[in-house]
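Q: Protein chains in written order, with this note's numbering: chain A, 342 to 498; chain B, 2 to 160.
(1) Can you confirm whether residue 380 of chain A, when its beta carbon is compared against all beta carbons of chain B, has any partner nearer than 9 Å?
(2) Determine the burial state of residue 498 of chain A: buried for a count of at least 16 other Cβ atoms within 10 Å of its Cβ, exposed for fewer.
(3) Roughly how far, in whole angstroms, is the beta-carbon of residue 418 of chain A from the beta-carbon of residue 484 of chain A, given that I think they are within contact range, below 8 Å?
(4) Kindly list, in the order they appear in chain B, the residues whose Cβ is closer than 8 Å to that of residue 455 of chain A.
(5) For residue 494 of chain A, which of B:32, B:12 and B:10 has the nearest alpha-carbon?
(6) So within the stretch 446 to 474 of chain A, which uninterrupted alpha helix (DSSP H) runs reach at least 4 residues, ignoring any that extend past its ends?
(7) Taking the alpha helix (DSSP H) that residue 64 of chain B falls in, what are its first and last residues?
(8) From what residue to what residue does the alpha helix (DSSP H) around residue 123 of chain B run?
(9) Taking a Cβ distance cut-off of 8 Å, strictly less, list which residues of the stretch 401 to 432 of chain A are near chain B, in chain order.
(10) Looking only at its chain, what residues have a beta carbon closer than 6 Å to the beta carbon of residue 195 of chain B, apart from the 5 residues adjacent to it on each side?
(11) Please go through the stretch 344 to 393 of chain A and give each complete alpha helix (DSSP H) segment of 4 or more residues, from N-terminal end onward.
(12) Report the residues of the stretch 436 to 447 of chain A with a CB closer than 9 Å to any CB of chain B, ordered along the chain.
(13) At a Cβ threshold of 9 Å, is residue 366 of chain A touching chain B?
(14) Listed in chain order, which residues of the stretch 6 to 32 of chain B have Cβ atoms closer than 7 Å to some Cβ of chain A?
Written as structure tokens, this is what we have:
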């Protein structure tokens, strides 16, 4: 793992991005911009499954509206996030908060989200959502809050 | 400037800024608010541009998303002030901090215009070009604000 981190960190493009005052903020913009799209669209679906805004649109209709940009947001966030990781890979691989985020909470949150999206077609055809949909939405909401908490905790190590 | 020094030396501000758990909680609300504001606004803007949920009624989508935009704005403002308070003396003279605030207020104004106008645009046979231009401006301003936001800590680290 250390040799991979060393290899990534010393790629010419990564060295340039890490040392450039102008390029580095754009890498951060990519990560945070993508996250804004990804996480907000995940949370909006969870919130709707929980029963908010039931008179306005069904969860299935909301999902249709956000589905493409939800996954585009993830692709943008991963691109920016992986680049940020490469810039300081040696530090990240020994950071406990990063490990908890990447290896534990994030995969669970991602799998939960895929399951929630898949089941929304079934749960979300009517205004009122079943109890299982509310529980799934609430659980996914908490998972994304946990991912954010772990991410915020990274600089403390 | 004296006000900034007074603010950052208030006992509760010193305690908040120096306590990793408390300041992380403030950061969590800042990120959550920020994600809610930028993400929900972007979805409405993309819908106006015809790039998202074309089959979905714009008014219903906007009415569902905008309350969360305002909640996000509340979180961002309160947590942002708490974060500013701890470094007020350093942030106040920083040009990039004022650029961030300026872009933020412009983005909020454009957001209010979008929120007020969305039902009217939705009743037209086609969404007008001026509405699409406003949506593009809104997207540029919010993503410009992210760029200014990431520059603020970098600026503080340099001084």
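Each residue gets a CB set at the ideal place from its N, CA and C atoms; glycine is no exception. Keep in mind that this is a model prediction, so the values were computed, not measured.
A: Reading off the structure:
(1) The sequence position of residue 380 of chain A within the first chain is 39, counting from 1. For residue 380 of chain A, the closest Cβ of chain B is nearer than 9 Å.
(2) Counted from its first residue, the first chain places residue 498 of chain A at position 157. Residue 498 of chain A should be labelled exposed.
(3) Taking the first residue of the first chain as position 1, residue 418 of chain A is located at position 77. Taking the first residue of the first chain as position 1, residue 484 of chain A is located at position 143. 16 Å between Cβ atoms; not a contact.
(4) Here residue 455 of chain A refers to the residue found at position 114 when the first chain is read from its first residue. The contacting residues do not exist; residue 455 of chain A stays about 19 Å from chain B at best.
(5) As a working note, residue 494 of chain A is residue 153 in the first chain. Checking every option, the nearest Cα to that of residue 494 of chain A belongs to B:32.
(6) Those alpha helix (DSSP H) runs which fall completely within the stretch 446 to 474 of chain A and span 4+ residues are 447 to 464.
(7) Taking the second chain and counting its residues from 1, the one referred to as residue 64 of chain B is at position 63. Run containing residue 64 of chain B: 59 to 87, per the alpha helix (DSSP H) assignment.
(8) Here residue 123 of chain B is taken as the residue at index 122 of the second chain, counted from 1. For residue 123 of chain B, the enclosing alpha helix (DSSP H) starts and ends at 96 to 123.
(9) Per Cβ criterion, the list reads 402, 403, 405, 406, 407, 409, 410 and 414.
(10) What the structure shows of chain B is the stretch from 2 to 160, and residue 195 of chain B is not part of that stretch, so it cannot be assessed.
(11) The qualifying runs are 353 to 360 and 364 to 390.
(12) Hits within the stretch: zero.
(13) Here residue 366 of chain A refers to the residue found at position 25 of the first chain. Closer than 9 Å: yes.
(14) Interface annotation for the stretch 6 to 32 of chain B against chain A: 21, 25, 28, 29 and 32, criterion Cβ-Cβ distance under 7 Å.
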